[in-house]
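Inspection log for the structure reproduced underneath, given as structure tokens.
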Amino acid sequence: MATVVIVGAQWGDEGKGKVVDIYTEYAQDVARYQGGNNAGHTLVVGNEKTVLHLIPSGILHEGKRCIIGNGVVLDPKVFLQEIDNLKAKGYLKDDSQLVVDGNVHIIMPWHKAIDIAREKAATGARKIGTTGRGIGPTYEDKIGRRGIRLSDLVRPEIFARKVEEFLPEKNFFLEKFLGEAPLDAQEIVAEYAAYAQRLVRYLGCASTLLNENIAAGHNILFEGAQGSLLDVDHGTYPYVTSSSTLAGGACTGTGVGPRFIDAVIGISKAYVTRVGEGPFPTELNDAMGEQLRRTGQEFGATTGRPRRTGWFDAVALREAVRTNGMTGLAITKMDVLNELETIRICTAYDCDGKRLETFPRDAEVLSRCTPIYEDVPGWQSDLSGAKSFAELPAKAQAYLRKLEAVTGCPVVLVSIGPRRDETIQLLNPFG
Ligand code: GDP
Ligand code: IMO
Ligand code: MG
Numbered sequence: 007m008a009t010v011v012i013v014g015a016q017w018g019d020e021g022k023g024k025v026v027d028i029y030t031e032y033a034q035d036v037a038r039y040q041g042g043n044n045a046g047h048t049l050v051v052g053n054e055k056t057v058l059h060l061i062p063s064g065i066l067h068e069g070k071r072c073i074i075g076n077g078v079v080l081d082p083k084v085f086l087q088e089i090d091n092l093k094a095k096g097y098l099k100d101d102s103q104l105v106v107d108g109n110v111h112i113i114m115p116w117h118k119a120i121d122i123a124r125e126k127a128a129t130g131a132r133k134i135g136t137t138g139r140g141i142g143p144t145y146e147d148k149i150g151r152r153g154i155r156l157s158d159l160v161r162p163e164i165f166a167r168k169v170e171e172f173l174p175e176k177n178f179f180l181e182k183f184l185g186e187a188p189l190d191a192q193e194i195v196a197e198y199a200a201y202a203q204r205l206v207r208y209l210g211c212a213s214t215l216l217n218e219n220i221a222a223g224h225n226i227l228f229e230g231a232q233g234s235l236l237d238v239d240h241g242t243y244p245y246v247t248s249s250s251t252l253a254g255g256a257c258t259g260t261g262v263g264p265r266f267i268d269a270v271i272g273i274s275k276a277y278v279t280r281v282g283e284g285p286f287p288t289e290l291n292d293a294m295g296e297q298l299r300r301t302g303q304e305f306g307a308t309t310g311r312p313r314r315t316g317w318f319d320a321v322a323l324r325e326a327v328r329t330n331g332m333t334g335l336a337i338t339k340m341d342v343l344n345e346l347e348t349i350r351i352c353t354a355y356d357c358d359g360k361r362l363e364t365f366p367r368d369a370e371v372l373s374r375c376t377p378i379y380e381d382v383p384g385w386q387s388d389l390s391g392a393k394s395f396a397e398l399p400a401k402a403q404a405y406l407r408k409l410e411a412v413t414g415c416p417v418v419l420v421s422i423g424p425r426r427d428e429t430i431q432l433l434n435p436f437g
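Position in the sequence shown (first residue = 1) + 6 = my numbering.
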């Protein structure tokens with residue numbers, strides 16, 4: 007048996023959903039451990055595309071248990087809509103396939119209102135570019151011990167009491183500070199009571215379930231959302247999300263001890279993208295950046311925003327290798343580079359005239375860094391049809407070997423298109 011954590015090794019949207027879908031074949035359980043519907047994980051099966059925001063990306067495989075761990079923040083309306091969409095497509099025939107931990111924190115209307123109003127009011131460097139889904143404010147209240155959990159939501163009196171208790175302070179802030187309309191407690195209680203009725207059947211305990219299944223010898227997949235550089239502690243603070251996106255989050259976010267984690271696979275594009283604000287040393291604000299965006303169809307799966315694009319950044323990736331204890335690297339979107347004559351890899355930064363090999367821990371310092379590149383020849387051919395590493399063009403193989411050398415992490419999977427069959431596995435983390 008093995009447990010494998012999948013993390014984004016960059017700033018999100020690396021193709022985690024696709025890789026989790028591929029690896030689910032070898033696992034019995036798939037668990038999300040942090041984030042919420044700020045995530046957009048895309049799965050392409052045949053010609054059918056599915057974008058998941060909350061439900062683990064293993065859900066298209068019948069009979070595989072999908073678990074939403076305590077570390078996730080849950081918008082009930084989005085979650086129920088996602089269930090309905092999946093059922094309409096013929097998936098999730100058996101509701102017992104899906105379990106949500108009772109300790110997940112519920113995204114309330116005030117969290118969304120505050121998130122959106124704050125972002126609207128922010129100017130210049132204060133803008134974060136949040137997805138506006140209420141993620142930050144929900145985690146603030148969780149840490150501030152004034153959150154509402156799923157286990158509260160399903161108990162009507164407790165839920166109503168908490169709404170009555172917390173709303174006055176939220177309305178004061180919304181009205182007096184942000185200049186927004188106040189919210190109505192009774193409307194909220196009525197709306198959420200309807201969600202609670204449907205949600206109760208999915209209620210469970212992620213920690214008990216996962217630990218029992220580990221003892222029973224299951225293979226387990228943990229699905230990270232966002233990316234390592236968006237981690238609230240180790241990312242480019244304050245231009246980050248509000249959760250622990252790193253592999254360590256899999257433990258606190260599900261109630262599984264660190265000694266049960268066997269492998270950590272970081273997902274990375276063959277180049278880099280970022281949505282939202284914050285420093286991005288290898289960003290390309292030119293025709294090449296536009297070409298990557300167009301060829302890679304780099305538009306957000308959640309908000310539709312154009313993603314910022316740039317060359318592969320080995321300095322940033324090495325940071326992700328270290329902070330996650332990464333054991334393997336999955337490189338996606340190799341096909342997007344097919345036409346390029348020359349590909350650039352950033353191997354170090356220049357910061358105020360000094361060469362930096364390690365990622366600065368301060369976003370302000372990072373914003374002053376410029377990339378030092380090594381140029382490698384592109385393969386200038388179509389990769390489709392390649393079923394093994396050996397079938398890739400020699401220059402594509404050399405690019406991947408170069409990425410291993412500059413990141414210090416072995417490549418275990420290569421993705422050459424969005425579909426399941428456009429995947430090459432070099433080493434299976436489940437053995
Ligand atoms: P996630 O948030 O990490 O799951 O990634 P997203 O789903 O937000 O974004 C990745 C996008 O790239 C999706 O549209 C995928 O269908 C697509 N994708 C994944 N792997 C590949 C690949 O190897 N090549 C191409 N062209 N697209 C890919
Ligand atoms: P997946 O799981 C890319 C970014 C937002 C913003 C910052 C904070 O699909 O990779 P938040 O709404 O979390 O408070 O926004 O984080 N962000 C993502 N960027 N992919 C994601 O998820 C993201 N989730 C949040 O753009 O810059
Ligand atoms: Mg995404």
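We treat Cβ as the ideally placed atom computed from N, Cα and C, and that holds for glycine.
Given the structure is predicted, the values throughout are model-derived calculations rather than measurements.
- For the pair Ala396 and Ile430, the Cα-to-Cα distance works out to about 10 Å.
- Secondary structure of Asp237 (DSSP, three-state): coil.
- Tyr39 and Glu186 have their C-alpha atoms roughly 32 Å apart.
- Rounded to the nearest whole angstrom, the CA to CA distance from Arg152 to Ile74 is 21 Å.
- With a threshold of 6 Å, the Cβ atom of Asp319 does not count as near the ligand IMO, since no heavy atom of the ligand is closer than that.
- Assigned with DSSP and collapsed to three states, Glu229 falls in strand.
- In this chain, the alpha helix (DSSP H) harbouring Ala369 covers Ala369 to Leu372.
- Ordered along the chain, residues surrounding the ligand MG are Asp19, Gly46 and Ala307 [Cβ under 5 Å from any heavy atom].
- Distances taken from the Cβ of Val281 to the heavy atoms of the ligand IMO include one shorter than 6 Å.
- A distance below 7 Å separates the beta carbons of Ala37 and Thr260.
- The three-state reading of DSSP puts Gly316 in strand, counting E and B together.
- Using a 10 angstroms sphere on the CB of Glu68, the tally of other CB atoms stays under 16, which defines it as exposed.
- Counting of Cβ neighbours within 10 angstroms places Asp19 among the buried residues, the total reaching 16 or more.
- A direct Cα-Cα distance of roughly 8 Å separates Gly230 from Ala253.
- DSSP lists Ala354 as the beta-bridge partner residues of Ile378.
- At least 7 Å separates the beta-carbon of Tyr32 from that of Val106.
- Your pair Val281 and Thr413 does not check out as a contact, with CB atoms roughly 23 Å apart and the cut at 8 Å.
- Note that the C-beta distance between Val11 and Val270 is below 7 Å.
- A contact is defined here as three or more CB-CB pairs under 8 Å, and the region 364-378 meets this definition with respect to the region 238-245.
- For Thr48, the Cβ falls inside the 6 Å cut-off from some heavy atom of the ligand GDP.
- The closest CA to that of Arg299, considering only Ala320, Gly142, Lys275 and Gly284, is found on Lys275.
- Residue environment analysis places Ile337 among the buried positions, since at least 16 neighbouring C-beta atoms fall within 10 angstroms of its C-beta.
- Per DSSP, Gly295 lies in no beta strand (DSSP E); the unbroken alpha helix (DSSP H) holding it starts and ends at Ala293 to Thr301.
- With respect to the 7 Å criterion, Glu289 and Lys133 are not classified as neighbours on the basis of their beta carbons.
- In this model, Asn219 and Tyr405 are separated by some 39 Å (Cα to Cα).
- Taken in chain order, the whole alpha helix (DSSP H) runs of length 4 or more contained in the region 248-293 are 254-258.
- The beta carbon of Leu236 is closer than 7 Å to those of Trp17, Gly18, Val246, Thr247 and Thr251 in its chain, skipping five residues each way along the sequence.
- In this model, Asn177 and Lys93 are separated by some 37 Å (Cα to Cα).
- Exclusion of the five residues before and after Glu380 leaves Ile351 and Thr353 as the residues of its chain whose Cβ lies within less than 6 Å of its Cβ.
- Ile134 sits in coil when the DSSP states are folded into three classes, being neither helix nor strand.
- Counting only the Cα atoms, Glu54 lies some 36 Å from Ile154.
- If you look at Gln203, you'll find it in the alpha helix (DSSP H) that goes Ala191 to Leu205.
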